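*Asks:* Take a look at this one; I'll ask things after.
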Amino acid sequence: MTDAGERTPERTGADHRIVAPADGARLRVVQVGAGGMGQQWLQTVAEDPDVELVGVVDLDEQAARAGAAAHGATAAWSTDLGELIERVRPDAVIDVTIPRAHHPVTTQALFAGIPVLGEKPVALTVAEGLSLAAAAEITGELFMVSQSRRYNDHLVALKRRAADLGGVGIVTTEFFKAPRFGGFREEMDDVLLLDMAVHQFDAVRYLLDADPVSVQCESYNPVWSWYRGDAGATAVFTFEGGVRYVYTGSWCSPGAETSWNGSWRLSGAHGTALWDGDHTPTSDVPDAPNGPPAEPAAAESVGVEIAGSLRAFVRALRTGERPHGEVHGNVMSLAMVEAAIESKDADARVAIDDVLERAHATALADERRDDVRARLESWRGPGVRRALQEQAGGAP
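Count the sequence shown with my numbering and you get residues 310 to 705, in order.
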C-alpha cells in the first residue's frame, strides 16, 4: 500500500490487473448507488451467475440496507464506500451514483486497488474524465464505463454490414421521442444533448472505428415543448478520414416515434445499410465489385444493455482484454457532447482537440493528487488525443 487504504498495483502483461480466482469463484462486487437505476443494476447483478453482491453503499442508509437485503442474502451495507471496502474487500465496484459523484467514487475505488464498472457518463465533465483515465493508468486497475447501448446484437450486425459498403462516408441518426419524465430533466439546460445523445455519439464511434475531429451544432426548443431547456438539436460531426455524421434529435416529437436507439443510415461507395434501432439491420449494396455480398453469419450474442456490459466487465477482469467502454476510449464520447454544446453556444464549428486541451488544462488545475497531476502532465508531449488513443489501443 501507499497511503492508508491504498494498494500498490501488481501489473501484468495485460492493460490492467487481472482478477481471476484460481477456484473459479464468482466476482465479488460492491454496488454504490441504490436509487432508481441502482435497482436495475442490483437485479442484473443478482441474475448474473458469475457475480456475487457482497455489499451496497448509498448515502441514504435505508436505501443501502434495503438494497443489500433484497438482492444479497449475506450482503453488507454502508453509507461509506471506504469503510465497506475495508470490511468486505470486494473484487470490483459498480458505480451507479449521479454523474457528479462519479469522479470521487471511482477515484477512491481505484486507489484502494479495486476495478470499477461505472454508469455513463464517465464523469460530470471531460476534465474529470481525464483525471480518471490518469488514475486508471497509475493504479493499473480497470475502469470501464457501461455504455450499455453498445451491447445490442443488432448494432453489432449493423457494423458487420458496414464492412461491405466500400468505406462508409456518411452516417445519419434520427432520434425522435416524446417522453414526459417530469422532475429534473424537464428543467435541465441542453437536456437532449446532455442526457441522451451520448448513446448515439458513442455508437457511431463504435460503428466507424474512428474518433471525431470537429462539430457544428444547433439546438432549439419547439414552441410546444414541455422542457425548459432545448429539447431538439442537429449536430454535424467530421470524423477522422473525412466521414460525416449527422445527428438530428428531439425529445418533444409525439407520433411515429423512433426507437430509443434512433434510426440509422450508413452510406458508402458500394451501398447503404439501414437500422431502425429495434430490428435486424438491412443493406442494399448494388455496386459491390464482386456482386452482392453474402448475408453475414450469426455472431455470438454480446448480451443486452447493462447485462451485456456487466458480462464484458467480468470477462475483461478474467482475461486482461480491453473492453468497450474502457475509460481512455470512452472519454471521447463525452467530449462529443461537450463540443456539441460549446458549438451551439458559440454558433461556430468547434474542434474536438480544442475541447480536449482545455479540459486537460482544467484537470491539471483542479487535480488534488500529485501522482495524478504528474501523469496528466506527461500527456503534454503527445497531446491529449494521442495520449488517450495510445492507452486505448486505437479502439474507440
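We put the beta carbon where it would ideally sit given N, CA and C, even for glycine.
Note that the structure is predicted; figures quoted are calculated from it, not measured.
Which whole-angstrom value describes the C-beta separation of Ser568 and Gly586, a residue pair presumed to lie in contact below a C-beta threshold of 8 Å?
*Replies:* As a first step, residue 568 must be located in the sequence shown, where it is residue number 259. As a first step, residue 586 must be located in the sequence shown, where it is residue number 277. That pair is a contact at about 3 Å.
*Asks:* From Ala329, Gly438, Val338 and Lys468, pick the residue whose C-alpha is nearest to that of Ala606; which is it?
*Replies:* Your numbering for residue 606 matches position 297 in the sequence shown. It is Lys468.
*Asks:* Once DSSP output is grouped into helix, strand and coil, what is the label at Gly322?
*Replies:* Stepping through the sequence shown from its first residue, residue 322 is reached at position 13. Model confidence at Gly322 stands at a pLDDT of 38, short of 50, so the residue's coordinates are unreliable; what they give is reported in the following sentence. In the structure shown, Gly322 sits in coil (DSSP, three-state: anything other than H, G, I, E or B).
*Asks:* Just verifying my parser: in three-state terms, what is the DSSP assignment at Met505?
*Replies:* Here residue 505 is taken as the residue at index 196 of the sequence shown, counted from 1. Three-state DSSP puts Met505 in coil, outside helix and strand.
*Asks:* In angstroms with no decimal places, state the Cα-to-Cα distance between Gly550 and His579.
*Replies:* One-based indexing of the sequence shown puts residue 550 at position 241. One-based indexing of the sequence shown puts residue 579 at position 270. About 17 Å.
*Asks:* Distance check for Asp654 and Val366, CA to CA, integer angstroms please.
*Replies:* What you label residue 366 is simply residue 57 of the sequence shown in a count that begins at 1. What you label residue 654 is simply residue 345 of the sequence shown in a count that begins at 1. Going by the C-alpha atoms only, they are around 38 Å apart.
*Asks:* My output table needs one value for Ile423: the three-state DSSP class, helix, strand or coil.
*Replies:* The residue given as residue 423 occupies position 114 in the sequence shown. In the structure shown, Ile423 sits in coil (DSSP, three-state: anything other than H, G, I, E or B).
*Asks:* Mind checking which residues open and close the alpha helix (DSSP H) that includes Ile661?
*Replies:* On the sequence shown, position 352 is the one that residue 661 refers to. Here the alpha helix (DSSP H) through Ile661 covers Ile661 to Asp675.
*Asks:* Determine the DSSP secondary structure at Phe493, reduced to helix, strand or coil.
*Replies:* Residue mapping note: residue 493 aligns to position 184 of the sequence shown, counting from 1. In the structure shown, Phe493 sits in a helix (DSSP, three-state: H, G or I).
*Asks:* Could you check what DSSP says for Pro521 in three-state terms: helix, strand or coil?
*Replies:* Mapped onto the sequence shown, residue 521 falls at position 212. Strand.
*Asks:* Mapping the DSSP letters down to three states, classify Leu575 as helix, strand or coil.
*Replies:* Locating residue 575 in the sequence shown gives position 266, counting from the first residue. Strand, per DSSP.
*Asks:* When we look at the beta-carbon of Gly380 and count the other beta-carbons within 10 Å, is it buried (16 or more) or exposed?
*Replies:* As a working note, residue 380 is residue 71 in the sequence shown. The sequence as given places His at residue 380; Gly does not occur at that position. It counts as buried.
*Asks:* Is it right to say Asn461 is buried, meaning 16 or more other beta carbons lie within 10 angstroms of its own, or is it exposed?
*Replies:* Your numbering for residue 461 matches position 152 in the sequence shown. So Asn461 counts as buried.
*Asks:* Give the range of the beta strand (DSSP E) segment to which Trp584 is assigned.
*Replies:* Stepping through the sequence shown from its first residue, residue 584 is reached at position 275. Unbroken beta strand (DSSP E) run through Trp584: Thr581 to Trp584.
*Asks:* If you check the beta carbons only, do Ser455 and Ser610 fall under 8 Å apart?
*Replies:* Translated into positions along the sequence shown, residue 455 becomes position 146. Translated into positions along the sequence shown, residue 610 becomes position 301. Result no, Cβ atoms of Ser455 and Ser610 do not sit closer than 8 Å.
*Asks:* Can you tell me whether Asn530 is buried or exposed, with buried defined as 16 or more other CB within 10 angstroms of its CB?
*Replies:* As a position in the sequence shown, residue 530 is number 221, starting the count at 1. It is buried - the Cβ of Asn530 has at least 16 other Cβ atoms within 10 Å.
*Asks:* Classify Asp332: buried if its beta carbon has 16 or more other beta carbons within 10 angstroms, exposed otherwise.
*Replies:* The residue you call residue 332 lines up with position 23 of the sequence shown. The residue in question, Asp332, is exposed, as its Cβ has fewer than 16 Cβ neighbours within 10 Å.
*Asks:* On the premise that Gln698 lies in contact with Glu446, defined as a C-beta separation below 8 Å, what is that separation, rounded to the nearest angstrom?
*Replies:* Residue numbering aside, residue 446 sits at position 137 when the sequence shown is read from its first letter. Residue numbering aside, residue 698 sits at position 389 when the sequence shown is read from its first letter. Actually they are not in contact, since the Cβ atoms of Glu446 and Gln698 sit about 14 Å apart, beyond 8 Å.
*Asks:* Tell me Tyr554's beta-bridge partners as DSSP assigns them.
*Replies:* By one-based count along the sequence shown, residue 554 stands at place 245. Tyr554 is bridged to Val480 and Phe546.
*Asks:* Mind checking Ile615: buried by the 16 CB within 10 Å criterion, or exposed?
*Replies:* Sequence index remark: in the sequence shown, residue 615 carries index 306 (1-based). Buried, by the Cβ-count rule.
*Asks:* Hey, out of Val363, Ala487 and Ala674, whose CA is closest to Gly564's CA?
*Replies:* On the sequence shown, position 255 is the one that residue 564 refers to. Nearest C-alpha to Gly564: Ala487.
*Asks:* Cα separation between Ala432 and Ala668?
*Replies:* The residue you call residue 432 lines up with position 123 of the sequence shown. The residue you call residue 668 lines up with position 359 of the sequence shown. Straight-line Cα distance between these residues: approximately 12 Å.
*Asks:* Please state the DSSP three-state secondary structure of Thr383.
*Replies:* In the sequence shown, counting from the first residue as 1, residue 383 sits at position 74. Residue state, collapsed to three classes: coil.
*Asks:* What are the boundary residues of the alpha helix (DSSP H) that includes Glu635?
*Replies:* One-based indexing of the sequence shown puts residue 635 at position 326. Run containing Glu635: none; DSSP gives neither H nor E here.
*Asks:* When burial is assigned at 16 or more other CB atoms within 10 Å of the CB, is Ala313 buried or exposed?
*Replies:* Counting from one through the sequence shown, the residue named residue 313 turns up at place 4. Annotation note: pLDDT 41 at Ala313 (below 50); position unreliable, coordinate value reported separately. Exposed, since its Cβ has fewer than 16 Cβ neighbours within 10 Å.
*Asks:* Leaving out five residues on either side along the sequence, give the residues of the same chain with a beta carbon under 6 Å from the beta carbon of Arg537.
*Replies:* The sequence position of residue 537 within the sequence shown is 228, counting from 1. Answer for Arg537: Glu496, listed in chain order.
*Asks:* Below 8 Å on the Cβ atoms is my guess for Pro705 versus Tyr515; work out the distance and round it to an integer in Å.
*Replies:* Taking the sequence shown and counting its residues from 1, the one referred to as residue 705 is at position 396. Taking the sequence shown and counting its residues from 1, the one referred to as residue 515 is at position 206. With a Cβ gap of about 6 Å, Pro705 and Tyr515 count as contacting.
*Asks:* What is the DSSP secondary structure of Ala708, counted as helix, strand or coil?
*Replies:* Only positions 310 to 705 of the chain appear in this structure, which leaves residue 708 out of reach.
*Asks:* Kindly indicate which three-state DSSP category Thr317 falls into: helix, strand or coil?
*Replies:* Along the sequence shown, one-based indexing puts residue 317 at 8. Its pLDDT being 42, under 50, Thr317 is placed unreliably by the model, and nothing is read from it.
*Asks:* Ordered along the chain, which non-local residues of its own chain (more than five positions away) have a Cβ less than 7 Å from that of Ile479?
*Replies:* Translated into the one-based positions of the sequence shown, residue 479 becomes position 170. Closer than 7 Å at the Cβ level, and outside the excluded window around Ile479, lie Arg553 and Ser576.
*Asks:* Met453 bridges to which residues according to DSSP?
*Replies:* Residue 453 sits at position 144 when you count from the first residue of the sequence shown. DSSP output for Met453 lists Leu426 and Glu635 as bridge partner(s).
*Asks:* Between the region 518-533 and the region 640-648, can you find at least three pairs of beta-carbon atoms closer than 8 Å?
*Replies:* The region 640-648, when compared against the region 518-533, does touch it at the 8 Å Cβ threshold.
*Asks:* My output table needs one value for Tyr529: the three-state DSSP class, helix, strand or coil.
*Replies:* The count along the sequence shown starts at 1 and reaches residue 529 at position 220. Reduced to three states, the DSSP call for Tyr529 is strand.
*Asks:* Mind reading off the beta-carbon distance from Val338 to Leu368? Whole number of angstroms is fine, and I expect it under 8 Å.
*Replies:* In the sequence shown, the residue the question calls residue 338 occupies position 29. In the sequence shown, the residue the question calls residue 368 occupies position 59. Not really, about 19 Å apart at Cβ, beyond 8 Å.
*Asks:* Round the Cβ separation of Thr581 and Ser592 to the nearest angstrom and send it over; I've been treating them as touching at under 8 Å.
*Replies:* Mapped onto the sequence shown, residue 581 falls at position 272. Mapped onto the sequence shown, residue 592 falls at position 283. Indeed they touch by this definition, with Cβ atoms about 7 Å apart.
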